[in-house]
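Quick notes on the structure that follows.
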Amino acid sequence: MRPLPLFLCLSLCACASPAPQFFGADRQDITLDGYRFAVFHKANRAEVIRLGYLSRAERAAVPALMIRAAEDATGCTVIPGSVVTGLPGDTGEAKMRLRCP
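Sequence positions in the sequence shown follow mature numbering (1 follows the signal peptide of the UniProt record, and there is no 0) and run -16 to -1, 1 to 85.
What follows is the structure in structure tokens.
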């Protein structure tokens, strides 16, 4: 049996890695209503990554919970209209701008 290449091992371990612009950001894991999220906070921005698999029917509540997760984890307020996802309707990852005290 051949060993897995190092890059493959690292990529499998990095499922909740932030986008490049969030490298070095503070990370906080949070659970809301049974959904798990990793929140990356850097300056006045946040990236929220949903952890774990969800069926299509389970995804409806996620966008609002992502905003709540960012606010709870950072102590900031998400600026309305600033939430952006990689794909329209994506519930796996979102980036947002924050208004921090």
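Glycine included, every Cβ here is placed at the ideal spot set by N, Cα and C.
{"Item": "N-terminal and C-terminal residue of the alpha helix (DSSP H) that Asp56 is part of", "Value": "46 to 58"}
{"Item": "Cutoff 7 angstroms; reference Arg83; Cβ partners in own chain excluding five residues on either side", "Value": "Cys60, Thr61, Ile63"}
{"Item": "Cutoff 6 angstroms; reference Thr69; Cβ partners in own chain excluding five residues on either side", "Value": "Ala78"}
{"Item": "Host beta strand (DSSP E) of Tyr37 (start-end)", "Value": "Taken as a continuous stretch (DSSP letters only), Tyr37 belongs to no beta strand (DSSP E), as it is neither H nor E."}
{"Item": "Residue of Gly8, Val23, Gly65, Met50 minimising C-alpha distance to Ala(-1)", "Value": "Val23"}
{"Item": "Residues that Gln12 bridges to, as DSSP identifies them", "Value": "Val23"}
{"Item": "Residue(s) in a DSSP beta bridge with Ala3", "Value": "DSSP, once it has assigned bridges, lists no residue as partnering Ala3."}
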